[in-house]
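As numbered in this note's numbering, the first sequence has no gaps in its residue numbers, which increase by one up to the final residue, 859. Have a look at the structure below before the remarks.
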Amino acid sequence: MRYDPSTIEPKWQNAWDEAKAFKTPNDLVTLKTRPKFYVLDMFPYPSGAGLHVGHPEGYTATDVLARLKRMQGHWVLHPMGWDAFGLPAERAAMREGVHPAIITKRNVDNFRRQIKRLGFSYDWEREVDTSSPDYYRWTQWIFLKLYDKGLAYLAEVPVNWCPALGTVLANEEVKDGKYVETGDVVERRTMKQWMLKIPVYAQRLIDDLEGLDWPEGVKEMQRNWIGRSEGAEIDFRVVVAHDLKHPSAQDAKFRVFTTRPDTLFGATYCVLAPEHPLVDVITAPSHQAAVAAYVSAAKQKTDLARTDLAKEKTGVFTGAYAVNPATEQKIPIWVADYVLSTYGTGAIMAVPGHDERDHEFARALTLPIVQVVKPLEGDLPKPVEDAAFVEEGLACNSGFLDALTTAEAKKRMIDHVENVGWGSRRVQYKLRDWLFSRQRYWGEPFPIVHTDDGEIVALPEDQLPVTLPAVDEYKPTGDGKPPLGRASPDWGRVRLPDGRMATRELNTMPQWAGSCWYYLRYLDARNTERAWDAELEKYWMPVDLYVGGVEHAVLHLLYARFWHKVLFDCGLVSTKEPFHKLFNQGMILAYSFQDAKGKYYGYDDVEERDGKTFAKSSGEELKSQIEKMSKSKYNVVNPDDVIRDYGADALRLYELFMGPLEQVKPWQMAGVEGVSRFLARTWRLVVDEESGALSNRVADEAAAPDLEKALHKTLKKVKEDTAGLRFNTAISQMMSFVNECTQAKALPRALLKTFTLALSPYAPHLAEELWQRLGGQGLACQQPWPAHDETLCVDDTLTLGVQVNGKRRDEITVAANADDDACKAAALASATVQKFMEGKPAKKVIVVKGRLVNIVV
RNA sequence: GCAAGCGUGGCGGAAUUGGCAGACGCGCGGGAUUUAGAUUCCCGUGGGGCAACCCGUGGGGGUUCGAUUCCCCCCGCUUGCACCA
């Protein structure tokens, strides 16, 4: 009877289901008897394409750890759910003429089926679906909390409008003027939209990163995104030089933000962003036409064009001047699109001597450049006319700042600015309000109505959920309202308790909303009274380990942290931060094959000979490369196929054996075969393939000392490496152990049983089967983790390398407790060593305990 | 351009308070079992050399008795950010 995962695996999956082996209790009395461990996967968006082998990488890692922790006596919270709202389902709905809920259910069913086949120990009774009214009721409830705290508001703002998607997007979703997911171009439009005041939390979002066990890179990305900078805001008075004075230009002033107030004496001109409100006001009549043309051209450019064309700096003079408060000189005011309307005050003081962008602009438009900072020592590498000196140094040509270091000068200038009333110190963040509404159907409706007399009213909690209405089409209405505008008045029109009539908000929330708090819903997923129980929250939070892709480093993780902090301020959660430890698994890539014309071939259409790949159809040799899995490249590996051919245990094992979890690595089917062989070899330790009975090598006797030691070393390494997320080395240790067993004459039953338990987090199906065949009681996954005996993990004798002048020449075997002198003597006694010493006396002998002896002659 | 990370056999990778480079797996070679193939088991497998030996962790330099590991310079790849004043 061969190892046959296709019969073993369903058998044990059913057994686990029947025993409710992974159900986590929900009553606190029981929970409080054990320590907790909350291990969370980033839940997937259930796409129509189904799972590929990249998805289960992180899921396998968390599952192995969850199973270990359970065996070590923890209550483990290990749930799975679906980030089910989103655009692809809505688009499929349009194509197929089917409701997105039906498409979503179809996809979720497929995802669940695929995930279940891997034998993960999720507590399926806690499954959540962000698109279910039972769930989004609470998403709306949290929105009301944000609204009550004044953190959500409706405003007419410039937004990122994506014509291809027919919706607006958040700043975080746009890069280089394109939607990060699809590359569709985004343009700027002014629209009335819901915004969330995430910058209110900017400082806390930076500060609280401190205590988190997250990859340093992700923390850094968040810090950069939030983008804190310290400096000052300084007012510049406008001098109107032209005759025809705009009435309000008379005493106009504008405010600039600078991080280098120490260079104020070097500000030789100012720049306003094209969108700056003062542009119209101060422009001289003679410059009106040029400025208007420039401004409208800038406004029409997409963000992409604006950043792309930024290589050549452009701008126009307004004809107006401002007074530099430090020098009291008149300096020209320009309009240029290198100044962003969305950052700071939308206006800058330009210091071309010490800022590269200003320098570039000044050179392009021949504006004066003066030096106000000099190096701490020596001369400028290049005169300021040729290159901006952006480093810190000593102030010069700067009146009362002269000879101060940059840091001192900044401080002195800010004090001065505040004392004389030019402005004030200021901390500025790049993080801007989060654009929180979308013109889509398949998302959470806002619990908001607009009364006919123009008031915005938040619905009371007892009216939740506001469910999605039926609509005839998932398209905007003829008059440009979002799809919810198609709903019948039964849904769209509401009578308020005070008798006023109101219209429902027609925007929906972005996909991020549901994922901002799903980790909290898992705590108490079936609670119909509350989003979660406060005591359960205190028990389980924070998440001990959160595993997912690095692509969420800024978006999801920043949004979720923000919501969590709001909930914390509302007294609804007990921790400042939701995710204590974060781990990013590396992407799994795959080989793809292309012919000379660039056409891709799937795995079924190629064959390998002598390490080269050929197209089956034409026999043409193909070029192979490692790429991201993608449908268009025909290199997607489907876990269903892997399970069919090798079983779920082999798939699980290979996912982790490939290499370090955090690393990007290519899928190699031959590697799956390798781990599958390991499992079959393990099977044969226990089962006689001929008869199907227990192997006759299995004996009820004590283990040979060496084998016993190997077992305990394995228990130790598997435990430590698993807890440290070094799954690949834990597996290689088990492979070595099985290899040793394969060569042993007798295999004690107790030893095999113990090993089976160590294997069970990794290959749970095979482990259950072997555990049962070896006479184990109950389920292997519910046994306590076998403790190793530390004394059996050390060897009696050690093999030391012996070096002469740092080169390895021989090895010696010494007792484990041999002292340095004994090691030295043994090394010097070696004939080979003596040969290499060439009769010279040893100048120095270095003994490294348990490692080597180095003789220097 | 700026920042971070990485670079080890034919391939995935192992080894870090500086101490035997290449664990484990794939692939490959040889042998045993088999009518044969598949499977399985055993042996070998960084490169060069008949050998003694020599060389070897992207390249160059340095510190050290000893460097894949630490320092400096360079090359290559990956990721993030990119007019944020």
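By construction, the Cβ of each residue, glycine as well, lies at the ideal position given by its N, Cα and C atoms. Just so it is clear, the structure is predicted and the values come from calculations on it, not from any experiment.
Selection from the options that minimises the alpha carbon distance to residue i
i	options	result
Lys107	Gly88, Tyr124, Phe585 and Leu120	Gly88
Ile208	Leu749, Leu559, Trp336 and Ser134	Leu559
Val796	Gly852, Phe838 and Val188	Gly852
Asn509	Gly480, Pro499, Asp186 and Tyr443	Tyr443
Pro449	Gly588, Ala504, Met44 and Leu79	Ala504
Asp500	Ser693, Arg532, Val459 and Val804	Val459
Ala328	Gly494, Ala300, Trp424 and Ala157	Trp424
Ala94	Trp519, Ala833, Ser49 and Ala409	Ser49
Met44	Glu20, Pro160, Met82 and Val78	Met82
Val720	Thr758, Cys572, Arg686 and Asp131	Thr758
Asp821	Met839, Lys842, Thr799 and Trp140	Thr799
Ala827	Val847, Gly355 and Pro7	Val847
Lys599	His582, His418 and Glu622	Glu622
Thr260	Thr347, Arg72, Val644 and Val176	Thr347
Met643	Ala705, Glu771 and Leu653	Here residue 643 is Asp; the residue named in the question, Met, does not match the sequence. Closest option to Asp643, Cα to Cα, is Leu653.
Glu387	Asp186, Thr368 and Ile814	Thr368
Lys38	Asn28, Tyr47 and Pro46	Asn28
Met736	Gln302, Ala760 and Leu280	Ala760
Lys715	Leu696, Lys755, Trp685 and Asp791	Asp791
Val353	Ser343, Leu378, Asn326 and Glu379	Asn326
Arg683	Lys667, Leu772 and Ser634	Leu772
DSSP three-state assignment for residue i, whether helix, strand or coil
i	result
Cys825	helix
Arg425	Checking the sequence, you will find Gly at residue 425 rather than Arg. Here Gly425 sits in strand by DSSP.
Asp253	coil
Tyr431	strand
Val804	strand
Tyr5	coil
Asp215	strand
Asn326	coil
Gly83	strand
Ile144	helix
Leu153	coil
Gln195	strand
Asp264	helix
Exposed unless 16 or more other CB atoms sit within 10 angstroms - verdict on residue i
i	result
Asp708	exposed
Ser594	buried
Arg115	exposed
Ile371	buried
Met3	exposed
Ala157	exposed
Phe402	exposed
Ala817	exposed
Cys783	buried
Asn856	buried
Val297	buried
Arg506	buried
Val638	buried
Pro7	buried
Gln142	buried
Ser693	exposed
Leu30	exposed
Lys315	buried
What are the start and end residues of each continuous alpha helix (DSSP H) run of 4 or more residues lying completely inside the segment 481-560, in chain order?
491-494, 514-517, 520-523 and 536-542
The segment 9-25 / the segment 767-774 touching (three or more Cβ pairs under 8 Å)
yes
Is it a yes or a no for the segment 490-497 touching the segment 533-542, going by three-plus beta-carbon pairs under 8 Å?
no
With a cut-off of 8 Å, do at least 3 Cβ pairs link the segment 693-712 to the segment 739-755?
yes
Between the segment 638-655 and the segment 675-684, do three or more beta carbon pairs fall short of 8 Å?
yes
Do the segment 214-231 and the segment 331-340 touch if we need at least three Cβ pairs shorter than 8 Å?
no
With a floor of 3 residues, list each beta strand (DSSP E) that falls wholly inside the segment 579-649, ordered by position along the chain.
584-586, 590-596, 608-611, 614-617 and 623-630
Check whether the segment 539-552 and the segment 577-590 touch, using three or more Cβ-Cβ pairs below 8 Å as the test.
yes
For the pair the segment 459-468 and the segment 407-422, tell me if three or more CB-CB distances fall below 8 Å.
no
Stretch pair the segment 120-139 + the segment 512-530: three plus CB contacts closer than 8 Å:
yes
Complete alpha helix (DSSP H) runs within the segment 112-139 (minimum length 4 residues, chain order):
none
Could you tell me which whole alpha helix (DSSP H) segments of length 4 or greater appear in the segment 652-724?
671-688
Which complete beta strand (DSSP E) runs does the segment 18-61 hold, if anything under 3 residues is left out?
38-43
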